[in-house]
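A.B. asks: Can you read through this structure? Questions will come right after.
Residue numbers (the working numbering): 1 to 66.
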């Protein structure tokens, strides 16, 4: 089953991945990261592995596993 991994400490909080996930599987996390922002987190669910989140991320911190 496809899934994604987000490097929470490098997330700058632009949330472009949240907006561009066609299945709404990424959300804003509850805790602050080392940059002082609430990072995007994978909420689980049925990821299709489309890779839209990784393509749109300006920091290249999302890995897609198929």
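Beta carbons are placed, not taken as given, at the ideal position from N, Cα and C, and that holds for glycine.
Does DSSP put residue 37 in a helix, a strand or coil?
C.D. replies: Indexing the chain shown from 1 puts residue 37 at position 37. Three-state DSSP puts residue 37 in coil, outside helix and strand.
A.B. asks: Please state whether the Cβ-Cβ distance between residue 20 and residue 56 is less than 8 Å.
C.D. replies: Locating residue 20 in the chain shown gives position 20, where the first residue counts as 1. Locating residue 56 in the chain shown gives position 56, where the first residue counts as 1. Yes. Within cutoff.
A.B. asks: Can you tell me whether residue 18 is helix, strand or coil according to DSSP?
C.D. replies: Here residue 18 is taken as the residue at index 18 of the chain shown, counted from 1. Here residue 18 sits in helix by DSSP.
A.B. asks: Taking the alpha carbon of residue 5 as the point to measure from, which residue in 15, 26 and 35 has its own alpha carbon closest?
C.D. replies: Taking the chain shown and counting its residues from 1, the one referred to as residue 5 is at position 5. Here the closest residue by C-alpha is 26.
A.B. asks: Just to confirm my understanding: we take residue 14, look at its own chain, exclude 5 residues before and 5 after, and list those with CB closer than 7 Å. What are they?
C.D. replies: Taking the chain shown and counting its residues from 1, one reaches residue 14 at position 14. Around residue 14: 58.
A.B. asks: Alpha carbons only, please: which of 32, 65, 45 and 66 is nearest the one belonging to residue 12?
C.D. replies: Counted from its first residue, the chain shown places residue 12 at position 12. When only C-alpha atoms are compared, the closest one is 32.
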